[in-house]
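Student: Following this message is one structure expressed as structure tokens.
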């Protein structure tokens, strides 16, 4: 049997073929690169190729790209005996995810990790509900310079692991959230006084781009994130 090669395939008449019935000749031993997506509607050899199925996109890491003017790159894969058990297992771990879905996930991670609120802005009743403290007039200047005066604006995680002896000095109505003082790694927050001690600014080194502000002796406080959506996982080696 004659084995076709890429060089002699160029001379094949794709309109009728060698058998004279308009069918393309059989090609033995040829590997064909196929395009993922809907099966192409074309004539000649491409119309008789097997459908390769949909390609799986790997979970992307790195900065968020945002809208891009160019079309998305289509992934190609090769069909053949090289797809062994190890390759099949690796492909099964890859998932398809849209960038807007990843953006929602990153925002949720940032809120849970570095959303900040000053101590006393909220209070918890003995029955459990949490309310805004209308008597809160801001932190004093000395308190505003301490990380222990700021809490994570989320459900407590580390507080549940503390012993009764460690909770003895805490006020249950005010200290019901995790303090920034015990964050790991140590030194993951930068605290600075600006405008002649009229404004305190906290910056997260774990999530670069997160900035919290509070004006002592006032109710003014808030935070904003302007970054690439990347966590600084090298921070423990930089401190």
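Residue numbers (full-length UniProt numbering): 1 to 239. The C-beta atom is built at its ideal place from N, Cα and C for all residues, glycine as well.
1) According to DSSP, simplified to helix, strand and coil, what is residue 3?
2) Can you check which of these residues, 227, 172, 212, 186, is closest to residue 125 by C-alpha distance?
3) To the nearest whole angstrom, what separates the beta carbons of residue 195 and residue 137, a pair I think is in contact under 8 angstroms?
4) Hey, could you find the ends of the alpha helix (DSSP H) residue 237 is sitting in?
5) Taking 8 angstroms as the cut-off, decide whether the C-beta atoms of residue 174 and residue 123 are in contact.
6) Go ahead and label residue 144 buried or exposed: buried means 16 or more other beta carbons lie within 10 angstroms of its beta carbon, across all protein chains shown.
7) Report buried or exposed for residue 187, applying the criterion of at least 16 other Cβ atoms within 10 angstroms of its Cβ.
8) Under the rule that 16 or more other beta-carbon atoms within 10 Å means buried, what is residue 120, buried or exposed?
9) Using beta-carbon positions only, say whether residue 205 and residue 235 come within less than 8 angstroms of one another.
10) Mind reading off the beta-carbon distance from residue 207 to residue 147? Whole number of angstroms is fine, and I expect it under 8 angstroms.
11) With the cut-off set at 8 angstroms, would you say residue 243 and residue 141 are in Cβ contact?
12) Is it buried or exposed for residue 129, if we count other Cβ within 10 angstroms and need 16 for buried?
13) Can the beta-carbon of residue 199 be found less than 8 angstroms from the beta-carbon of residue 212?
14) Should residue 139 and residue 156 be called a contact, given that it needs their Cβ atoms to be closer than 8 angstroms?
15) Per DSSP, which residues does residue 211 bridge with? Please list them.
Tutor: Answer, in terms of the structure:
1) Note on residue 3: pLDDT 47, under 50, position unreliable in the model; no value is reported.
2) Closest by alpha carbon: 172.
3) The pair is not a contact, with the Cβ atoms about 19 angstroms apart (cut-off 8 angstroms).
4) For residue 237, the enclosing alpha helix (DSSP H) stretches over residues 235–238.
5) Yes, the pair counts as a contact, with Cβ atoms nearer than the cut-off.
6) Counting the other CB atoms within 10 Å of its CB gives residue 144 a total of 16 or more, which places it among the buried residues.
7) Exposed, since its Cβ has fewer than 16 Cβ neighbours within 10 Å.
8) By the neighbour-count rule (16 or more Cβ atoms within 10 Å), residue 120 is buried.
9) Going by C-beta atoms, residue 205 is nearer than 8 angstroms to residue 235.
10) About 16 angstroms separates the CB atoms of residue 207 and residue 147; that is not less than 8 angstroms, and the two are not in contact.
11) Only positions 1 to 239 of the chain appear in this structure, which leaves residue 243 out of reach.
12) Answer is exposed; the Cβ neighbour count stays below 16.
13) No. Outside cutoff.
14) No; because the gap between Cβ atoms is not below 8 angstroms, this pair is not in contact.
15) DSSP, once it has assigned bridges, lists 203, 224 as partnering residue 211.
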